[in-house]
Amino acid sequence: IPLMITSAMLTNNVLLTTICLLHMHPDKMTVICRSTDHPNIKIGVRKIKYALNSFVDLAFLIPKGWKPGD
């Protein structure tokens, strides 16, 4: 079964644990590590104001006026 695991900040220990838990075979996988040191990547922390299941606090991630196909 093809499987892809992605993370912006996956540590080596977490990667090894994930490989073990998912019974992955290192000889049958490819690991690609890229730097996150780019000017367009930012880390931000915001206080949650609304119910978690509303996802309202994530609205800032979608530009105003966005529509499918943009």
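Quick note: the sequence shown uses the numbering used here, first residue 12, plus one each step. C-beta: ideal position from N, C-alpha, C; glycine also.
| query | result |
| --- | --- |
| Looking only at its own chain, which residues have a Cβ that is under 6 Å from the Cβ of residue 61, when we skip the five neighbours before and after it? | 67 and 68 |
| Tell me the DSSP secondary structure of residue 65 in three-state form. | helix |
| Jot down the residue ranges of each uninterrupted alpha helix (DSSP H) in the segment 15–68, minimum 4 residues, whole runs only, in chain order. | 23–32 |
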